[in-house]
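>
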Amino acid sequence: MAYELENLISDCRTALQPGRSKEALEKVCDAMKRILQNPEFVEQHFGAHLEVARTTLHHDPDLDFYIYAHIPNGAIMSPPHVHASAWAAYGQAIDNTGMTDWVIPEGEALPKPVRTYSMTPGTAGFYDVGELHSIDMPATSRFLRITATDIDPLPCRYFGEVDTRKSIAESLT
Ligand SMILES: [Fe+2]
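Residue 288 in this note's numbering sits at position 149 of the sequence shown; the count goes up by one each step and never skips.
This is the structure we're talking about:
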């Protein structure tokens, strides 16, 4: 039997029921990796026939997490940011996403990149509360995302004053 959306929801609920932890978020990512191995699921929610959208596949009534299918409107290069009090997990469905981890060095005001890597189809990873990251994706990138809550109204901190591409190039390449 294929691993379906209801399996993903159920496994996320089981993982997150005891509360947020690195172990719980690892389990969420494991579930994301499993569903991304289901070609029918990927085609249904990320296929070439679909328009640009952020589709809510599930909002959990008890635990408040959201599962989204993202089909971005063009290439995206975000500055380093944190999602306020929320965690976020990313699972790559189509093409790739460049991910970079950042930290604010002791005594400094702006973050510096510490690791950059490419997410490829079937991979998943999370950023816990307060963990800085930036994304760099082509227009053809499509991905699954699970967030702790609705992060849109949260006071997410975006370090728009950082020259993201230049900083990554200077520090990591
Ligand atoms: Fe993010």
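Ideal placement from N, C-alpha and C gives every residue a C-beta, glycine not left out.
Pick helix, strand or coil for P178, following the three-state DSSP scheme.
Locating residue 178 in the sequence shown gives position 39, counting from the first residue. In the structure shown, P178 sits in a helix (DSSP, three-state: H, G or I).
> In the structure shown, what three-state DSSP assignment does T303 receive?
Within the sequence shown, residue 303 is the residue found at index 164, counting from 1. Three-state DSSP puts T303 in a helix.
> Helix, strand or coil: how does DSSP classify A208 here?
Taking the sequence shown and counting its residues from 1, the one referred to as residue 208 is at position 69. Three-state DSSP puts A208 in a strand.
> Take the Cβ of A154 as the centre, count every other Cβ of all protein chains shown within 10 Å, and call the residue buried at 16 or more, exposed below.
In the sequence shown, the residue the question calls residue 154 occupies position 15. Result: buried.
> What's the gap between the Cα of A241 and the Cα of P218?
On the sequence shown, position 102 is the one that residue 241 refers to. On the sequence shown, position 79 is the one that residue 218 refers to. Here residue 241 turns out to be Trp, not Ala, going by the sequence shown. When rounded, the distance between both Cα atoms is 10 Å.
> Which residues count as close to ligand 1 when the rule is a CB under 7 Å from any of its heavy atoms, in chain order?
So the residues near ligand 1 by this Cβ test are S217, H220, H222, A227, Y266, H272 and I274.
> What residue range is occupied by the uninterrupted beta strand (DSSP E) comprising S160?
Start at 1 with the first residue of the sequence shown, and residue 160 comes out as number 21. First-last for S160: undefined, no H or E at that position.
> When we look at the beta-carbon of P277 and count the other beta-carbons within 10 Å, is it buried (16 or more) or exposed?
Counting from one through the sequence shown, the residue named residue 277 turns up at place 138. Per the 10 Å Cβ criterion, exposed.
> Against chain D, with Cβ distances strictly below 8 Å, would I243 count as a contact?
No chain D appears in this structure, which consists of one protein chain only.
> Can P211 and V191 be called in contact, C-beta distance under 8 Å?
Stepping through the sequence shown from its first residue, residue 211 is reached at position 72. Stepping through the sequence shown from its first residue, residue 191 is reached at position 52. Yes; because the gap between Cβ atoms is below 8 Å, this pair is in contact.
> Do G261 and K172 come within 8 Å of each other at the CB atom, strictly closer than that value?
As a working note, residue 172 is residue 33 in the sequence shown. As a working note, residue 261 is residue 122 in the sequence shown. Closer than 8 Å, so yes.
> Grab the span of the beta strand (DSSP E) containing G230 for me, first residue to last.
The sequence position of residue 230 within the sequence shown is 91, counting from 1. Residues A227 to I233.
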